[in-house]
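Residue numbers (our numbering), protein chains in the order written: chain A, 90 to 227; chain B, 18 to 206.
The C-beta atom is built at its ideal place from N, Cα and C for all residues, glycine as well.
Notes follow once the structure below has been shown.
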């Protein structure tokens with residue numbers, strides 16, 4: 090019978106992890122990290138955002154891109170789910186809609202690596218209902 | 018048409034959990050406890066999501082199972098709880114919510130375990146890992162009990178083991194996912 094992983098195994102990994110993190114911290118600042126937010130409300134989940142998120146986490150790590158991938162609530166683009174928001178260092182966030190695995194790959198290779206815009210951007214006109222009531226500020 | 022077809026896709030209990038836990042996160046919870054209890058003798062499967070978030074008033078609790086009620090401001094409808102309620106009732110079960118403002122919320126959904134319309138468990142390990150990785154400051158506990166065997170994971174213990182290494186480090190997350198997956202497989206027998 091193969092041994093099932095436990096916290097003791099995690100403890101053994103600690104040394105390797107620490108040196109990897111130290112190496113990264115030396116090479117660039119935390120502001121240099123790419124931020125990816127995956128919309129993960131009912132609408133996103135029903136459209137496959139979980140697979141997109143797992144793909145982004147795995148692939149960015151595999152391709153050695155220092156990024157933080159996190160989930161966020163509904164951004165209001167339910168019609169275009171799965172949606173992701175990508176923020177490159179020192180740049181405005183860009184929201185992509187209808188993101189599947191193929192599109193996610195294209196975003197990583199073209200936008201995140203080379204800052205080349207990819208088809209499928211949702212124009213930024215994000216407003217909440219509350220803001221509308223106040224008289225609609227952009 | 019695309020999304021109308023896709024909306025029917027929440028067929029995995031794991032995805033329902035991901036969705037419901039999102040409500041706890043939005044409610045500002047610092048502790049979220051997810052439990053699944055499978056009892057073959059009683060032919061029952063129960064999911065519980067418990068948080069210490071901001072809670073809801075009695076009136077809100079009564080209203081949340083109505084798809085046209087939501088607390089969010091980005092759109093006017095909320096489908097997460099109604100979808101899970103529908104799913105539970107279709108499989109001979111029920112959904113209940115207990116909540117107290119300022120204290121937190123406890124949501125429970127039950128299913129007949131062998132009911133033909135009971136959704137499959139799905140990728141629980143993936144979902145718990147996503148929740149942990151996206152919310153490193155929230156303490157997550159996951160309990161899975163099947164008959165008399167159980168598996169528990171607590172991010173407080175993981176963080177103590179890591180001694181300062183961020184829990185959302187990709188390699189750590191990969192480890193957590195595999196650990197949950199292997200333990201659940203063992204539980205399934």
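Practice problem: Would you mind giving the Cβ-Cβ distance between residue 147/B and residue 197/B, rounded to the nearest angstrom? I have them listed as a contact below 8 Å. | Solution: Rounded, the Cβ-Cβ distance is 12 Å, inconsistent with contact.
Quiz item: Checking contacts by CB at 8 Å: is residue 186/B closer than that to chain A?
Solution: At least one C-beta of chain A is nearer than 8 Å to the C-beta of residue 186/B.
Quiz item: Considering only residues of the segment 25–113 of chain B, which uninterrupted alpha helix (DSSP H) runs meet the minimum length of 4 residues and lie entirely inside it, listed in chain order?
Solution: If only complete runs of 4 or more residues are kept, the segment 25–113 of chain B shows the alpha helix (DSSP H) at 30–43, 75–80, 97–107, in order along the chain.
Quiz item: Distance, Cα to Cα, residue 124/B vs residue 78/B?
Solution: Roughly 10 Å between the two C-alpha positions.
Self-check item: Rounded C-alpha distance that separates residue 137/B from residue 179/A
Solution: Near 43 Å, if we compare the C-alpha coordinates of residue 179/A and residue 137/B.
Quiz item: What does residue 156/B pair with, by DSSP beta-bridge criteria?
Solution: Beta-bridge partners assigned by DSSP to residue 156/B: 48/B.
Practice problem: Report back the beta-carbon spacing between residue 158/B and residue 50/B to the nearest angstrom; my notes put them in contact at under 8 Å. | Solution: Taking C-beta atoms under 8 Å as the contact rule, residue 158/B and residue 50/B qualify, at a distance of about 4 Å.
Quiz item: Could you give the C-beta distance for residue 31/B and residue 134/B, rounded to a whole number, given that I count them as a contact under 8 Å?
Solution: Their Cβ separation, rounded to whole angstroms, is 17 Å, which puts residue 31/B and residue 134/B out of contact at 8 Å.
Quiz item: Is it buried or exposed for residue 46/B, if we count other Cβ within 10 angstroms and need 16 for buried?
Solution: By the Cβ-count criterion, residue 46/B is buried, with 16 or more other Cβ atoms from all chains shown falling within 10 Å of its own Cβ.
Quiz item: Can residue 93/A and residue 199/B be called in contact, C-beta distance under 8 Å?
Solution: Result yes, Cβ atoms of residue 93/A and residue 199/B sit closer than 8 Å.
Exercise. Give the secondary structure of residue 166/A by DSSP, where H, G and I count as helix, E and B as strand, and everything else as coil.
Key: Residue 166/A falls in the coil class under three-state DSSP.
Quiz item: Between the segment 119–133 of chain A and the segment 158–177 of chain A, are three or more C-beta pairs nearer than 8 Å?
Solution: They touch, by the three-pair rule.
Quiz item: Between residue 34/B and chain A, is there a C-beta pair that is closer than 8 Å?
Solution: No - not a single Cβ of chain A is within 8 Å of the one on residue 34/B.
Quiz item: Can you list, in chain order, the residues of the segment 140–165 of chain A whose Cβ is nearer than 7 Å to any Cβ on chain B?
Solution: Answer set for the segment 140–165 of chain A: 142, 143, 146, 150, 159, 160, 162, 163, 164, 165.
Quiz prompt | Whole-angstrom distance between residue 63/B and residue 57/B, CA atom to CA atom | solution = For residue 57/B and residue 63/B, the gap between their C-alpha atoms comes out near 11 Å.
Quiz item: DSSP puts residue 211/A in a beta bridge; with which residues?
Solution: Its beta-bridge partners are 184/A.
Quiz prompt | Alpha carbon of residue 95/A to alpha carbon of residue 183/B, nearest angstrom | solution = The C-alpha of residue 183/B is placed about 18 Å away from the C-alpha of residue 95/A.
Practice problem: Output the distance between the C-alpha atoms of residue 202/B and residue 159/A, rounded to the nearest integer angstrom. | Solution: Distance between the alpha carbons of residue 202/B and residue 159/A is about 27 Å.
Quiz item: Taking the continuous alpha helix (DSSP H) assigned at residue 124/B, which residues delimit it?
Solution: In the DSSP assignment, residue 124/B falls outside any alpha helix (DSSP H) and within the unbroken beta strand (DSSP E) covering 121–129.
Practice problem: Take every Cβ of the segment 139–147 of chain A, pair it with every Cβ of the segment 96–115 of chain A, and state whether three or more of those distances are shorter than 8 Å. | Solution: Contact between the segment 139–147 of chain A and the segment 96–115 of chain A is absent, because fewer than three Cβ pairs lie under 8 Å.
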